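In the numbering used here, the protein residues as written are 478 to 780. Let me begin by presenting the structure, written as structure tokens, before commenting on it.
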Ligand code: 13P
Ligand code: SF4
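Shown next as structure tokens:
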């Protein structure tokens with residue numbers, strides 16, 4: 478009997494003792510075959526502790542790279558190696574080294590959406606789920622935050638006692654949302670609560686009832702007494718939202734909320750990766766160790 482694609486993936490996964498991880502923005506079919514679906518923070522935590530031999534990452538490059546940094550003895554494969562994050566590419570290590578010279582002694586907090594080289598030049602990593610709490614707990618009253626100027630402004634707004642020096646990066650997907658889009662969505666669905674990712678432009682934050690990472694948005698919608706939501710983050714999240722709260726209604730804030738890189742990974746890519754047809758993530762041990770510190774300080778803030 479010939480197996481279909483999903484059956485072949487599941488069989489290969491067992492044979493290779495692999496873990497399939499997917500970000501909340503992946504296409505529904507990929508989320509469905511994944512062992513773990515989550516936000517950047519949860520995926521990093523899971524990658525660090527898995528005892529599987531191999532991690533097939535369905536997401537973008539910096540996520541698979543972080544998994545390799547945190548669990549170097551595992552074979553880590555980005556299912557579609559062309560899936561990058563344009564925001565992560567907005568910081569060149571050389572430019573960061575120059576930037577740091579202007580602010581001697583000021584710690585660098587890097588959003589996980591950065592390359593290993595940039596993490597190696599940073600003091601602490603964060604995700605959108607923990608940026609505020611981690612930075613609040615820092616003893617310094619001035620920090621450099623990169624690459625996302627929007628998440629950096631969000632942190633500055635939440636912790637007015639700290640000075641946040643911003644890098645001028647942004648997510649090309651979330652940045653597309655304009656005030657007019659939000660007004661239209663609220664007019665069309667006035668009964669809905671607006672849930673928004675802090676990667677959106679500050680000009681639209683005033684319309685948000687809640688702001689958080691993708692996992693926090695899912696959690697909020699699942700536990701809220703409200704029944705209808707306008708979702709201000711990438712379209713892939715709708716799949717998880719409908720799964721956790723099938724009785725509730727979700728409206729994407731704008732049709733422009735589609736990250737082309739997150740949409741690159743297909744089931745065929747996952748099969749190819751499991752079959753050894755996609756190169757694994759490789760990294761110089763020296764770079765890995767230099768990048769690891771900032772990630773470990775995020776995952777074990779009290780350790
Ligand atoms: P989170 O899932 O951590 O909110 O990540 C958002 C994102 O843009 C990842 O690329
Ligand atoms: Fe990068 Fe934005 Fe796409 Fe996330 S949604 S991978 S931050 S471009």
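Glycine included, each C-beta is placed from N, C-alpha and C at the ideal position. None of the values given here were measured: they were computed from a predicted structure.
- Distances between the C-beta of residue 677 and the heavy atoms of ligand 2 are all 7 Å or more.
- Your pair residue 701 and residue 670 checks out as a contact, with CB atoms roughly 7 Å apart and the cut at 8 Å.
- In terms of CA proximity to residue 686, 659 leads the group 665, 659, 585 and 587.
- Under the 10 Å beta carbon count, residue 646 is surrounded by 16 or more other beta carbons and is classified as buried.
- Cβ atoms of residue 565 and residue 624 come within 8 Å of each other, at about 7 Å.
- In this structure the region 553 to 560 does not touch the region 608 to 617; the number of beta carbon pairs closer than 8 Å is below three.
- Residue 738 sits away from residue 568, with the two beta carbons spaced by 8 Å or more.
- In this structure, the alpha-carbon of residue 665 lies about 20 Å from that of residue 718.
- It is roughly 24 Å from the alpha-carbon of residue 643 to the alpha-carbon of residue 521.
- Take residue 506, set aside five residues on each side of it, and the residues of its chain with a beta-carbon closer than 7 Å to its own are 744, in chain order.
- Judged by the Cβ position, residue 518 qualifies as a neighbour of ligand 1 at the 7 Å threshold, a heavy atom of the ligand being closer than this.
- Using a Cβ distance threshold of 8 Å, residue 651 and residue 710 count as a contacting pair.
- Here residue 604 has 516, 517, 518, 521, 588, 589, 690 and 775 as same chain residues with Cβ atoms under 8 Å from its own Cβ, once five neighbours each way along the sequence are excluded.
- Straight-line spacing of the CA atoms in residue 608 and residue 479 works out to 48 Å.
- With contacts defined as CB atoms closer than 8 Å, residue 596 and residue 618 fail to qualify as a contacting pair.
- For residue 587, the beta-bridge partners assigned by DSSP are 602 and 623.
- If you check the C-beta of residue 743 against ligand 1, you find no heavy atom less than 7 Å away.
- Considering only 498, 558, 526 and 499, the residue with the shortest C-alpha distance to residue 754 is 558.
- Each residue's CA atom was taken as its position, placing residue 541 and residue 500 some 11 Å apart.
- Considered as a whole, the region 646 to 676 harbours 670 to 673 as its complete beta strand (DSSP E) runs of no fewer than 3 residues, in chain order.
- Rounded to whole angstroms, the gap between the alpha carbons of residue 682 and residue 673 is 8 Å.
- Here the distance from the Cβ of residue 605 to the nearest heavy atom of ligand 1 is below 7 Å.
- The beta-carbon distance between residue 716 and residue 662, rounded to whole angstroms, is 19 Å. This is too long to meet the 8 Å contact definition.
- In the DSSP annotation of this structure, residue 698 is not part of any beta strand (DSSP E); the continuous alpha helix (DSSP H) holding it starts and ends at 691 to 700.
- DSSP places residue 514 within a strand segment (E or B) once states are collapsed to three.
- The continuous beta strand (DSSP E) containing residue 707 extends over residues 705 to 709.
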